[in-house]
Every structure is written in structure tokens, then in C-alpha cells.
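Asks: Starting off with a structure, shown below.
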Amino acid sequence: MVTLRTLTPNDAPALTRIYSGTSIQHTTGKPLTLDQAHEKIRTALARATETPRAQWSWGIVATDEMIGLIALRRRTPSMGTLSYILREDTWGNGYATEAVKHVVAFAFTTVSLERLEAMHHPDNPASGRVLAKAGFTRTGTSDRCVEDGPAVPYQVYALPLPRAPLPR
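See the structure below:
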């Protein structure tokens, strides 16, 4: 079971552990320093005070420790994007899927979004499985430029707000 919680300044060491090793191979590829982790937390806490709010970030907690980070960003009044990262030694336990499901429920109820989108690197099919288990459908690809390299066709997924069936 996972829970989501607001980040605190004390989470910086955990963030450096999350943003390291194999976990970052399909992101920047560069480990997060302690100073960068502190800045990431400061930014998340500052965004939490903005009105209107455009971003939410939570620590993913399992077995009483922070093992990942998940974020929801409002891109338009009705559409948001989702991103997440887990520490590599926690992969394969369903933690990402459970965290995504929590954020999906939050996005559609509390934030009143009507559509969510997410994407993953083509060499990270496990992330696609997480999204599919959470109800997302693959919609195509989007070329993303990576540092000093060619564009990479990221897999794109979407999840519309579930609609109640019409009465008969």
C-alpha cells in the first residue's frame, strides 16, 4: 500500500536517492544533487501556494519511507499531465500504479479535470504498463528532443474523465 504526502525540506536526501541510478536513465540521466533536491522541494512548496494552482507534487510513501515522486500539472483548464519516478529498488511492487490511481482520482474530483495525459520513454515499457493498469489508453507518440541526441518517440497515453452511462 502506498500513500501520497506533501514534500518537506527533510525529503531532500530521499529525493537524491530516487533521482539516481537506473531510475533516471530515461529522464535527464543525471543524478540529483542535494542542493538540486532542496531546490525541487522549494519549488514544489511555492507552487502549492499559487492561485490558481497549476501543479501538485507528492512524495510516494511505502513501508514508512519515501520511495518516489508523483506530480500533476494543469496544462489547460480541463486537461492535466501526470509524471512519476520511483526508486529502482522498489520497482515491480505495484507502487507506481497505486500512486497513479490516487492522483487520477484527485485530478478528476478535487481539481475537476476532464482529461489526463502522460508519456514515457520508448525503452521504458514498464511505465506504459503502469498507465494501462490505471486506465490510460495509448494514443500515439510525440517526438521529444533529448540532450545532444536525436528526437525520441515517446509513447503518449490519455485518460478522459469517466462518464456515467446515459439513462435508458
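Going by the numbering used here, the first residue of the sequence shown is number 2, and it counts up by one from there.
All residues carry an ideal CB built from backbone N, CA and C; glycine is no exception.
Nothing here was measured: the structure is a model prediction, and the numbers come from that model.
By alpha-carbon positions, which one of Phe-109, Ala-100, Pro-32 and Met-2 ends up nearest to Pro-14?
Replies: The residue with the shortest Cα to Cα distance from Pro-14 is Pro-32.
Asks: Output the distance between the C-alpha atoms of Thr-50 and Trp-57, rounded to the nearest integer angstrom.
Replies: So the two alpha carbons sit approximately 10 Å from each other.
Asks: Determine the burial state of Arg-18: buried for a count of at least 16 other Cβ atoms within 10 Å of its Cβ, exposed for fewer.
Replies: Per the 10 Å Cβ criterion, buried.
Asks: Look at the Cβ atom of Thr-142, then the Cβ atom of Tyr-155, and state whether they are nearer than 8 Å.
Replies: Closer than 8 Å, so yes.
Asks: Assign Ala-55 to one of two classes, buried (16 or more other C-beta atoms within 10 Å of its C-beta) or exposed (fewer than that).
Replies: Answer is exposed; the Cβ neighbour count stays below 16.
Asks: Please report the straight-line C-alpha distance between Asp-144 and Trp-92, rounded to a whole angstrom.
Replies: Approximately 26 Å, taken between the alpha carbons.
Asks: In angstroms, rounded to a whole number, what distance separates the CA positions of Leu-132 and Thr-140?
Replies: Cα to Cα, the separation comes out at about 12 Å.
Asks: Where does Pro-53 sit, in a helix, a strand or coil, going by DSSP?
Replies: Three-state DSSP puts Pro-53 in coil, outside helix and strand.
Asks: To the nearest angstrom, how far is it from the Cα of Pro-126 to the Cα of Tyr-96?
Replies: Cα-Cα distance, rounded: 16 Å.
Asks: Tell me the residue span of the alpha helix (DSSP H) that contains Glu-96.
Replies: At residue 96 the sequence reads Tyr, which differs from the Glu that was named. 96 to 110 is the extent of the alpha helix (DSSP H) around Tyr-96.
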